[in-house]
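Protein chains: 2
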Amino acid sequence: MSLASELPVAAEKFDYSSTIDVLQEQFGDRVLTSSAVCSQFGKDESFHPSMPPHAVIKAHNREEVQQIVAICAEHKTPVVPHGAGTSLEGNIAALKGGISIDTSEMNKVLAVHTEDFDVVVQPGVTRRQLNDYLHDTGLFFPIDPGADASIGGMAATRASGTNAVRYGTMRENVISVEAVLADGSIIRTGKRARKSAAGYDLTRLLVGSEGTLGMFTEITLKVYPIPEAISSAVCTFEELEGAVDSVIQIIQYGIPIARVELLDDLTMKSINMYSHTDFSETPTLFLEFHGSESSVKEQAELSQEIVQENSGSNFKWTSNTEERNKLWRARHDVAYAGKLLHPKGQIWSTDVCVPISRLADCINQTRADIDQTGLLAPIVGHVGDGNFHLLLLVDHDDPDEVAKAEALHHRMVMRALEMDGTCTGEHGIGYGKIEFLKQEHGNAVDSMKMIKQALDPHNLFNPGKIFG
Amino acid sequence: MSLASELPVAAEKFDYSSTIDVLQEQFGDRVLTSSAVCSQFGKDESFHPSMPPHAVIKAHNREEVQQIVAICAEHKTPVVPHGAGTSLEGNIAALKGGISIDTSEMNKVLAVHTEDFDVVVQPGVTRRQLNDYLHDTGLFFPIDPGADASIGGMAATRASGTNAVRYGTMRENVISVEAVLADGSIIRTGKRARKSAAGYDLTRLLVGSEGTLGMFTEITLKVYPIPEAISSAVCTFEELEGAVDSVIQIIQYGIPIARVELLDDLTMKSINMYSHTDFSETPTLFLEFHGSESSVKEQAELSQEIVQENSGSNFKWTSNTEERNKLWRARHDVAYAGKLLHPKGQIWSTDVCVPISRLADCINQTRADIDQTGLLAPIVGHVGDGNFHLLLLVDHDDPDEVAKAEALHHRMVMRALEMDGTCTGEHGIGYGKIEFLKQEHGNAVDSMKMIKQALDPHNLFNPGKIFG
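Listed in order, the protein sequences are those of chains L and X. In this text, residue positions in the first sequence follow numbering that gives the first Met the number 0: the first is 0, and each later residue adds one. In this text, residue positions in the second sequence follow numbering that gives the first Met the number 0: the first is 0, and each later residue adds one.
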């Protein structure tokens, strides 16, 4: 916030007109330079202000990405890989201007290997597009950040979502990538075998590197058979504690739950406003169970017992697909719904994640802290992973509110780090959490910088991110 | 083989006496230089000849590792981290001599977080020691290479074993590490949160780096609740095809099988000789199911149906712990058992892994290829992952047998790569598979080398491995 407002808009500071000339020779009117387009490409879904690139170009294939990167490398012009623009820490902001490479037309599903449970996609394919494509195969891709993010962006951010407690994050679900590096070479980081001990794990190095080490041109992903049975449940609690304790006990009991989401009273209120639903406006869990008919029944019954022991009630479950979809759509829309609670507020989504044994402490202390500030901050989270978000509602024209929010956020991250947790479970560092990365990783950040320096010595890719 | 025999023994070529003098000043008679000790530390469990270090020193804690690394860095003396010495590609051989740091006395379990399902261990803790330690907690650590390897060695090699099909490999089960780097600094790669999007994934970079980037001083691992019910099964087949097809169908059906191991007729014969068992000496599957009572029953019944459809018979299952342990001990001992088939033979364990859809082709073609060579080569494997081994039995004093084995191995790896597989599912590159790494990863190996150069510019750690 304060960081962002101090940053100059790079377009005014750097001159990349010769780069743009060369790109235009090669790509004609596919090189877009209008301020409307550039401004849009410099802005993600967070409160961070737009930091527009000097130009945007839609790449169609790996060869074009390679050409664009080569031209930018020759002219020392920053390259910012751009997916669906749904990041939350300014990850796609062009802090030093340059060229945003738009992957929205690199959106083909290249192969579906149904027998191996994997797919090969271009980076611009979105998660919903992929699942629509897979519809008739009996397979699905589980990673689901709230927004309809691109697979490239999700891999770059090491994203997760509601299914991570069962299926893992992008870290576990990217099998390999093809990427263009700063020296213009294209590498493929692995074959399709499910495991390999062959050399350094470049796949995992690139996943989560936020476009600072290279640009994805193909991604091979794990997919899963749609379970024989799926059942979703909703239950409500008088107090937050009961909901959190239920989740901890479900995890510790070893129930292979597929989804378990916490939504506090404020979140439920906003959902009812946005989605025209009539949920009880008290702390709530959304749960989902995957497996065989008998396994799902067993999981749901055990979970219901645990919920009841923690004073939960109104445990309703459904296997009806339409009802389930409505439930999860409401969950995914909470970031949009939250805005209705504060007409002038923008959402600032925090993202700590702690070991499950510390989750109740972390949420309770944070809840008390929010109450003391008087800020509006619905709590929602993938609590089975120990990950939760405040949807801090802040009027950015009110310096007092901004200062309170910054201080609250700082205390919250420090609390999570003290509990052996992380400053970001799934949103990444972008340029919003650079200081927290140092707090969390100490001198390991130096090792990260050495790797960046080795693979991208001229700081071509997404400069200013992760390290500042 | 030919590679190894051409290598000079480094101790004769380099003089590190001044390094050893300084180490002796600091550590006294804990610095061992006898040829018997050094020779033992230069040899793993493979056919690769001993490449002894100049000295061996048992480190007791992170501070001592840091001191030893600092002394070696100052004197440009290679450092070879050493676990239990059970590697299979010469991974711990001191190709350029130097100092082997023995972790066998860094063998403390430092913390067990039962509520978070994680443990913190020193690198010298072995997998059996860890499971003995966990015995009364209701938790277990699933990764089980055949040998009683150290956790440090397993992390360095990105090891797996029979449980990987359900629980993943070291890649998925190391939460974070603490490591001493070449510049003498100590880094910790992460907190205990189950997921994080904070910066580059240094954990996964160090896991599988085979001691070439640093030396582990602490490792945080996932552990799992011992399932409510466990059931193991054995079934036999007239032909290999039926066994392989059963596995493929069990995986593709989505049965969450915990272990599924293929053992061919020769392997079964050797097991009977070694373990004094009376298994049928035909292609056999060992299976294991984990879950609730009802889930295990359901999984076993479905698997039995699949096995029968593929002409499998004698499907026997047991929940008796003693019988189960006997079964899996026999499985883990196959590398030792195989030696009985060929009195002069040494075991050369191959390690390809392919997508499951190609597994039947890969095994069938390999079986036909073995038959043409006349070599003895039992087949055994973690087939649920697409990973299998030949236990090639080779008399290393017979150049003709060696040449045939090398050619067979080469064809086998090329076949796996053509099928989008890997040259090593779990043994690593060491110095035995350097050429295959290049075949598999192409110019991505250059990126690996750049990272090595950035983090270890003087090639201090385990020189000659992975890249040569």
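We treat Cβ as the ideally placed atom computed from N, Cα and C, and that holds for glycine.
Buried or exposed by the 16-neighbour rule on C-beta atoms within 10 Å, applied to residue i
i              : result
R328 (chain L) : exposed
E308 (chain L) : exposed
D244 (chain X) : buried
R170 (chain X) : buried
E5 (chain L)   : In this prediction, E5 (chain L) has a pLDDT of 48, which is less than 50 and means its spatial position is unreliable; nothing more can be read from the coordinates.
P462 (chain X) : buried
S348 (chain X) : buried
D101 (chain L) : buried
Q121 (chain X) : buried
A178 (chain X) : buried
T85 (chain L)  : buried
T136 (chain X) : exposed
S469 (chain X) : Residue 469 (chain X) is absent from the structure shown; chain X starts at 0 and stops at 467.
P456 (chain X) : exposed
A9 (chain L)   : buried
K474 (chain L) : Here chain L covers residues 0 to 467 and nothing more, so residue 474 (chain L) does not appear.
Beta-carbon proximity of residue i to residue j, cut-off 8 Å
i              : j              : result
L286 (chain X) : A232 (chain X) : yes
G108 (chain L) : S149 (chain L) : Strictly speaking, residue 108 (chain L) in this sequence is Val, with Gly absent from that position. Not a contact, by the Cβ cut-off of 8 Å.
H134 (chain X) : P226 (chain X) : no
T130 (chain X) : F139 (chain X) : In the sequence under discussion, the amino acid at residue 130 (chain X) is Asn, which differs from the Thr named in the question. In contact: N130 (chain X) and F139 (chain X) (Cβ atoms closer than 8 Å).
G89 (chain L)  : S45 (chain L)  : yes
T219 (chain X) : S175 (chain X) : yes
D143 (chain X) : L87 (chain X)  : no
I362 (chain L) : L239 (chain L) : yes
T76 (chain X)  : T32 (chain X)  : no
D147 (chain L) : A83 (chain L)  : yes
I67 (chain L)  : A58 (chain L)  : yes
H53 (chain X)  : G96 (chain X)  : yes
R157 (chain X) : G198 (chain X) : no
I369 (chain X) : L416 (chain X) : no
Per-residue DSSP class, three states only, for residue i
i              : result
S16 (chain X)  : helix
F435 (chain X) : helix
L180 (chain X) : strand
I465 (chain X) : coil
I256 (chain L) : coil
I150 (chain L) : helix
D394 (chain L) : coil
H275 (chain X) : coil
H318 (chain L) : For the sequence presented, residue 318 (chain L) should be read as Ser rather than His. In the structure shown, S318 (chain L) sits in coil (DSSP, three-state: anything other than H, G, I, E or B).
E217 (chain L) : strand
A453 (chain L) : helix
A3 (chain L)   : For A3 (chain L), the predicted model reports a pLDDT of 44, less than 50, meaning its position is unreliable; a value from the coordinates is still stated below. Of the three classes helix, strand and coil, the one that applies to A3 (chain L) here is helix, per DSSP.
V118 (chain X) : strand
D445 (chain X) : helix
Close Cβ partners of residue i (< 7 Å) along its chain, the five nearest in sequence each way excluded
i              : result
V412 (chain L) : V351, C422 and F435
I249 (chain L) : I256, V259, S302 and I305
Y132 (chain L) : V108
6 Å CB neighbourhood of residue i in its chain, flanking five on each side removed
i              : result
T266 (chain L) : V333, P377 and V379
I433 (chain L) : G467
K343 (chain L) : D394
S310 (chain L) : G241
S230 (chain L) : F288, V295, A299, W316 and S318
Own chain, CB closer than 8 Å to residue i, minus 5 neighbours either side, in chain order
i              : result
S1 (chain L)   : Only weak support exists for where S1 (chain L) lies, its pLDDT of 42 falling under 50; the value from the coordinates is given anyway. If we look at S1 (chain L) and ignore the five residues flanking it on each side, its Cβ neighbours are V401 and E405.
Q23 (chain X)  : V30
I185 (chain X) : R61, Q65, E177, A178, V179 and T216
G420 (chain X) : V351, C352, V353, P354, R357, C361 and G385
**Q.** Residues from the segment 442-466 of chain L in contact with chain X, defined by Cβ distance under 9 Å
**A.** N442, A443, V444, D445, S446, M447, M449, I450, K451, Q452, A453, L454, I465 and F466
Q: Select from the segment 89-113 of chain L all residues with a C-beta closer than 7 Å to any C-beta belonging to chain X, and list them in chain order.
A: H112
Q) Got a sec: which bits of the segment 240-251 of chain L sit with their beta carbon under 7 Å from any beta carbon on chain X, in order along the chain? A) Q251
(Q) By the 9 Å beta-carbon criterion, what residues does the segment 408-436 of chain L contribute toward chain X? (A) A415, L416, M418, D419, G420, T421, C422, T423, G424, E425, H426, G427, I428, K432, F435 and L436
Q. Name the residues in the segment 348-368 of chain L whose C-beta lies less than 9 Å from a C-beta of chain X; which are they?
A. D350, V351, C352, V353, P354, I355, S356 and R357
Q) Along the segment 70-89 of chain L, what residues have a CB closer than 8 Å to any CB found in chain X? A) none
**Q.** Interface residues of the segment 185-202 of chain X facing chain L [CB-CB below 9 Å]
**A.** I185, I186, R187, T188, G189, K190, R191, A192, R193, K194, S195, A196, A197, G198, Y199, D200, L201 and T202
Q) Given a limit of 8 Å on CB to CB distance, which residues of the segment 168-181 of chain L reach chain X? A) T168, R170, E171 and L180
Q.
What are the residues in the segment 289-307 of chain X lying within 7 Å of chain L by C-beta distance?
A. S291, S293, S294 and E297
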